[in-house]
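So that you can map any letter, position 189 of the sequence shown is 197 in this note's numbering, and since no number is skipped, the others follow by simple counting.
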Amino acid sequence: MATAEHLCDVCQLQNISKPAASWCSECDEALCSACDDLHSHKQRKRSNLKHIDEKTTTYQKEIADRRKQINCHLDALELEMNKNLRDKQQEVKTTVEGFISIIDSKVKNVEKAIDNINQMKSHATDLQIFLALREIEKDVERELSYIKDLKTKPEFKTFDIQLQVSNGLKLLKKNVEVWGEISVNSFDSILCTDITTEKQAQIILPGKSREYVSDINSITLKENNSFKVESENIKLTGCEILPDGEILLVNQTDNTILMYNKSGSCFKEFKLPWTPYDITCIDKNIIAISSQKEKSVYV
């Protein structure tokens with residue numbers, strides 16, 4: 009690409025003609041040696057900003073999720089405490105109302121005895137009154153004795169309800185003054201400043217070191233290996249070569265991923281619950297499979 013017809017696009021914007029030494033496929037620009045280093049550094053910084061934006065979004069979601077968890081926990085504690093409060097209230101009401109009912113019944117018994125005495129004075133003889141009064145006095149004394157004994161019973165005491173807030177909640181505002189800490193960590197950037205005068209369009213081969221060609225027009229396709237898939241009913245929509253040379257093929261006919269060795273022999277088959285479309289290798293142990301029907305990517 010260092011021929012006269014391939015010039016640095018960045019330099020041409022400044023009316024400078026310098027031969028291109030590399031090609032940025034992401035920006036679709038030809039770059040000279042000097043611009044390539046600066047461009048790489050700029051791309052790295054752009055990637056860094058994108059990473060910071062993604063981390064910020066992730067942490068914002070994490071903060072919101074944590075707040076939601078805390079709110080749900082406090083709501084559950086509030087519901088439980090209100091239930092306990094109502095239970096204690098009902099317990100006290102039952103005890104006090106039962107005690108009041110007993111007193112009312114005893115008072116009615118005494119009032120009934122007094123009423124009986126008044127009626128006997130009007131209609132009975134003195135002897136009848138004398139004999140009846142002795143029985144009535146016994147009943148009255150028994151009721152009065154019962155009422156006096158009520159003072160010693162637990163039901164006679166005055167009740168109160170107290171709420172003791174847990175120390176954790178009391179100290180929450182005091183102990184938790186900040187949500188957390190945000191820190192910015194910096195790392196040394198790796199910027200290649202060595203300029204190769206013969207650096208042209210780069211070709212990076214899997215498992216090999218970086219190789220260079222003198223001219224992009226000199227790149228040719230070389231057949232390394234070929235094999236025939238032995239199957240009559242098959243629809244291949246994707247292919248991926250793993251770092252160890254094994255080959256993965258996407259078969260939409262029966263929703264499978266076929267694994268072939270370097271010699272072209274199928275030695276493993278993975279059945280999927282959905283229809284795959286394409287496949288790519290992320291690293292040695294992780295692959296990503298896309299599904300056009302599901303409109304999803306599975307890793």
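Built from N, CA and C at the ideal position, the CB exists for glycine as well. Only a predicted model underlies this, so the values are computations on that prediction, with no experimental measurement involved.
Here the C-alpha atom of A42 lies approximately 48 Å from the C-alpha atom of R74.
For E119, the uninterrupted alpha helix (DSSP H) segment begins and ends at 41–131. Of the candidates S273, M267, A29, M267 places its Cα closest to the Cα of K279. If you ignore the 5 residues before and after K243, its C-beta comes within less than 8 Å of the C-beta of N259, Q260, T261, all in its own chain and listed in chain order.
Just measuring C-alpha positions, the residue of I249, I110, A121 sitting nearest I144 is A121. For V258, the enclosing beta strand (DSSP E) stretches over residues 255–259. Under the 10 Å beta carbon count, V18 is surrounded by 16 or more other beta carbons and is classified as buried. With fewer than 16 other Cβ atoms inside 10 Å of its own Cβ, C80 counts as exposed. With respect to the 8 Å criterion, H47 and L39 are classified as neighbours on the basis of their beta carbons. In this structure, DSSP gives D252 a state outside helix and strand, which the three-state scheme calls coil. DSSP places D286 in the strand class (E or B) of the three-state scheme. Looking only at S299, D147, K165, the smallest Cα-Cα distance to T103 is reached by K165. Rounded to the nearest angstrom, the gap between the Cα atoms of D252 and Y285 is 23 Å.
Contact between I290 and I297 is absent: CB atoms are separated by about 11 Å, not below the 8 Å threshold. Selection N269, P27, D44 evaluated against E34 yields D44 as nearest (Cα-Cα).
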